[in-house]
Structures are given as C-alpha cells and as structure tokens.
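Going by our numbering, the first residue of the sequence shown is number 8, and it counts up by one from there.
The structure appears right after this line, and notes come after that.
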Amino acid sequence: MRPARAQLSSAERRLLLLLGAPGLGLSLSLTVISTYLPVLARGFTGSRAGIGALVGGEGLVALLVPLWIGGLSDRVDTRFGRRVPFLMATAPVAAVALALIPLARSLPVMAVEVFFFYAAYFTYLAPYRALYADLVPLSLSGRAQGIQGIFSQVGLGSALVGGGLLLELWRPLPYLVAAAALLLGTALLVLGLRGTARPSAVPQRGSRSSAAEVWALLRHHRAIRALMIANALLSLTLGGMKAFVVLWLTEGLGKSMKFIAGAMTVVAVGALLGALVSGQLADRHGAARVLARTLVVFGLGLVLPAFSSSTMLLGAELPLIAFCGGAASTLPYAIVMQRMPARSHGAAAGLFDVSGGVGTLLGPALTGAAIDLLRPLFASTQGYAAMWLVLSASTLASVAMLRRARSG
Numbered sequence: 008m009r010p011a012r013a014q015l016s017s018a019e020r021r022l023l024l025l026l027g028a029p030g031l032g033l034s035l036s037l038t039v040i041s042t043y044l045p046v047l048a049r050g051f052t053g054s055r056a057g058i059g060a061l062v063g064g065e066g067l068v069a070l071l072v073p074l075w076i077g078g079l080s081d082r083v084d085t086r087f088g089r090r091v092p093f094l095m096a097t098a099p100v101a102a103v104a105l106a107l108i109p110l111a112r113s114l115p116v117m118a119v120e121v122f123f124f125y126a127a128y129f130t131y132l133a134p135y136r137a138l139y140a141d142l143v144p145l146s147l148s149g150r151a152q153g154i155q156g157i158f159s160q161v162g163l164g165s166a167l168v169g170g171g172l173l174l175e176l177w178r179p180l181p182y183l184v185a186a187a188a189l190l191l192g193t194a195l196l197v198l199g200l201r202g203t204a205r206p207s208a209v210p211q212r213g214s215r216s217s218a219a220e221v222w223a224l225l226r227h228h229r230a231i232r233a234l235m236i237a238n239a240l241l242s243l244t245l246g247g248m249k250a251f252v253v254l255w256l257t258e259g260l261g262k263s264m265k266f267i268a269g270a271m272t273v274v275a276v277g278a279l280l281g282a283l284v285s286g287q288l289a290d291r292h293g294a295a296r297v298l299a300r301t302l303v304v305f306g307l308g309l310v311l312p313a314f315s316s317s318t319m320l321l322g323a324e325l326p327l328i329a330f331c332g333g334a335a336s337t338l339p340y341a342i343v344m345q346r347m348p349a350r351s352h353g354a355a356a357g358l359f360d361v362s363g364g365v366g367t368l369l370g371p372a373l374t375g376a377a378i379d380l381l382r383p384l385f386a387s388t389q390g391y392a393a394m395w396l397v398l399s400a401s402t403l404a405s406v407a408m409l410r411r412a413r414s415g
C-alpha cells in the first residue's frame, strides 16, 4: 500500500481539471460519429457494409497515425512545448470536419470529411495522452486518469442520451455541439497551461524514427509489451460489448426501448462512478493491483448473462458491470504512465492508442463470430448470449497480462 494524500492541492486540482477538459469533447465527438453517422449515411446508400466501412475507418486510422505522431511529439520542441502544437493544429481540423459531415451532399464527400476527422482526432490523441506523463506526478496518475475518465463518460453519456434529441431538432446540431466542445476543451487546456513550468527536456539519443522508438519499447521493456496486450484485450471486451449489447437486449431478450434507455442510464452512472472511485483507489493501493482485482470481478460477472436471462439478475448485475467497465477504461493508461521511459512518453502513448485500436477492431468481429457459431447452443437468445463468453475470456486473459507486467 502506498500513502496518498486525501486532498489535492488547488494547483494539482486545477492541472488535472485542465488536462481532463478535452476529454469531454473527444468522447462526445467520437460517439456522435459512431452512433449517428449511420443515420446520415443511410440517406446516400442502403448498403450496411458500406456504412460499416465508413464508421469502421476509425480502426484503420488508429493503427497507422498514433505510432508516427506519438514518436514525433517526443522529438519536436517549440515555444509552446512538445505536445501542445499538435493539439492547437488538429482541434480546428477535427471541428471543421465534424461541422461539415452533416452538410455533405454525397457519400464520397462524407467519406472524405470523416477521414479528415479521424486523422485529426488520432493526431491529437497521442500527444494529448503524453501530456499526462509529462506533467502529472506518478503519485497522482490514478486520480488524473479518473478525472479524465469522468469527462469522457460525461461526453459519452451526453452523446447517447442527448444526441438523438439534437438530431431531431436539426441534423447538424449534435455535430456542431461536439465540435464546439472539442474546441472549448482544447482552448481551456492551452490557455490554462500558459505559465505552467514545462517539463525538462529529455536528451534524445540520435535521430531514431518513430517506428524505431516503438520497436525499442517493445523489445526492451517486457512490462510495456504485456500492458499493450492487456489494453488490446480490454479494448476487445469494451468494443464487443458496445457493438452488441443493445441487440442482445432487444433481439435476444426482447426488451423494450424504454427498458434499454433505463439500462443505459444505469450504465452511464455506474461507469462514471467507476472512473472516479478507481482513480482514487489506484493512487492509494497501486493502479495495477486495483485494476487486476476489478477485472477479476468484471470477467466473472460477464459470464452470468450467458446462462441466465433473468431480469432480476440483470438488474442486480448491471451496475456492477458498469462500475467495473468504468475502471477498465480508466486505469490502463495510469499503469502505462508508471512504466514508460522518460524519453518516450509520446511513443508509448501512441503505442497505447494502437493497441486499443487493435482490440476495438477485433472485438466486434470475434464477438459477432461467436454469436453466429454458437447460435444453436444459445437459441433462446438467438445466439446473443454467446457474446458474454468472448467478453469474459478476453477480460480474464487481460488479468494474466497485467500480472506479467507487474513482474516485468
């Protein structure tokens, strides 16, 4: 157990709130795209595969951009610092792309605008994550990610609950709100960091490329390798759950949309509490220990819906699953912060985003395959109960990788 101050100083609280502010806009904008872009795209094509490819472009960009940008942000230096210029340059691009998407007159134009959004988003993300490692003491890493997780969960919940209402009022409105939130959060961070002491420059040995820096991280740091695999497995769990949980409720269990709306509210509140509480516990007991124990509960809990469709069981378990899911999306980067070399904050942040992208791509694919293959065994839910076996297995496998990282 490590000692942790119960109260943050005013300067620490201000820093963590500033760093967390862009999280709302990032989460809101990405959720608006993934949730409501298909509504717009259906006006141009009836092909579900085409719509899926349009939304799924996120995964492809996530595999290519963060590695290069993260390493690049380790090597550049300006009067604004190493990371902030990337945020200043890409937030307006992402905001403009968001604002233009609902105004597109054809599917190819929309696809170009979506590509520019994803490219700007992932160019923003790795330097933004690296700022945490640059500026936040390791003793505050859990609470820092907890506060960032709260902003992200608020953005996610706002998009899911309010996005549809805004879409009904005026189709461009949710995109404009998301763009404004991203610009505002970025402006607050950039302006708030003025006058903040910049982290000491870390000498760079030679002129290693981003790819070489990432390879060195994977080759020489066993803990980093294990953490990236663990993050991919957790992203697989969360990605598969997001893709099929509503279908499980509607087609598998026959629940009404009113029931689903209530369930999503419980999930949003539970995930927000999970982000907040897990961050505080991580700084007191260690992020890896807290996450590993949470994931054991999470993984075992995910097995139960595979074998029971009881509404009473679901009502009792849903808050726990949501709470653990909030912790699972909050603490992994806090652990990475504690393991990354000082000279490679950006490269490690980019690698973290890529590992998450791999899981996000694999999650829906593997979960969907399990639903199709095991449908005869889970006929009462049209196969959807099989999803929980995949999600439980990936979660418990991530615990093994976390333990390897702790011993590495």
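All residues carry an ideal CB built from backbone N, CA and C; glycine is no exception.
All figures in this text were calculated on a predicted structure; none of them were measured in a lab.
Integer Cβ distance of residue i from residue j, believed to fall under 8 Å
i: L189; j: G32; result: 3 Å
i: R150; j: G66; result: Rounded, the Cβ-Cβ distance is 30 Å, inconsistent with contact.
i: A28; j: F158; result: 7 Å
i: A341; j: S36; result: With a Cβ gap of about 23 Å, A341 and S36 do not count as contacting.
i: A295; j: R413; result: 5 Å
i: V68; j: Y125; result: 4 Å
i: L183; j: L25; result: Wrong, their Cβ atoms sit about 24 Å apart, outside the cutoff.
Residues of its chain near residue i, where Cβ-Cβ distance is below 7 Å and the 5 sequence neighbours each way are ignored
i: H352; result: D81, A137, A140, D141
i: L224; result: I231, S351, A354, A355, L358
i: V303; result: V406
i: R226; result: none
i: A118; result: L61
i: P10; result: Note on P10: pLDDT 49, under 50, position unreliable in the model; no value is reported.
i: L283; result: G153, I157
Own chain partners of residue i with C-beta closer than 6 Å, once the 5 adjacent residues on each side are dropped
i: P73; result: F129, A133, G357, D360, V361
i: P92; result: T85
i: L163; result: S34, T38
i: L22; result: none
i: L288; result: V297
Residue i beta carbon near the ligand ATP (any heavy atom closer than 6 Å)
i: A187; result: Of the ligands one can find in the structure shown there are none, so the ligand ATP has no counterpart to examine.
Alpha-carbon spacing of residue i relative to residue j, whole angstroms
i: D379; j: L309; result: 19 Å
i: R49; j: R20; result: 44 Å
i: A386; j: P312; result: 14 Å
i: R410; j: R346; result: 14 Å
i: L173; j: L180; result: 6 Å
i: H228; j: V274; result: 36 Å
i: L196; j: L381; result: 48 Å
i: K249; j: T374; result: 11 Å
i: T272; j: V343; result: 30 Å
i: F266; j: L338; result: 30 Å
i: A270; j: G277; result: 10 Å
i: G4; j: L71; result: Summary: the structure shown does not reach residue 4, with the chain confined to residues 8 through 415, and so no result is reported for it.
i: L176; j: W222; result: 49 Å
i: R300; j: L114; result: 46 Å
i: L396; j: A18; result: 45 Å
i: M8; j: D290; result: A caution first: M8 carries a pLDDT of 43, below 50, which makes its placement in the model unreliable, though a value can still be read off. Going by the C-alpha atoms only, they are around 9 Å apart.
i: R90; j: G77; result: 9 Å
i: M95; j: T193; result: 7 Å
Own chain residues within Cβ distance below 8 Å of residue i, not counting five before or after
i: E120; result: A104, L107, I108, A111
Residues that residue i bridges to, as DSSP identifies them
i: G88; result: T85
For residue i, three-class secondary structure by DSSP
i: K262; result: coil
i: V68; result: helix
i: L224; result: helix
i: L51; result: Note that residue 51 corresponds to Phe in the displayed sequence, not to Leu. Coil, per DSSP.
i: Q14; result: coil
i: M347; result: coil
i: A111; result: coil
i: L381; result: coil
i: G199; result: helix
i: V143; result: coil
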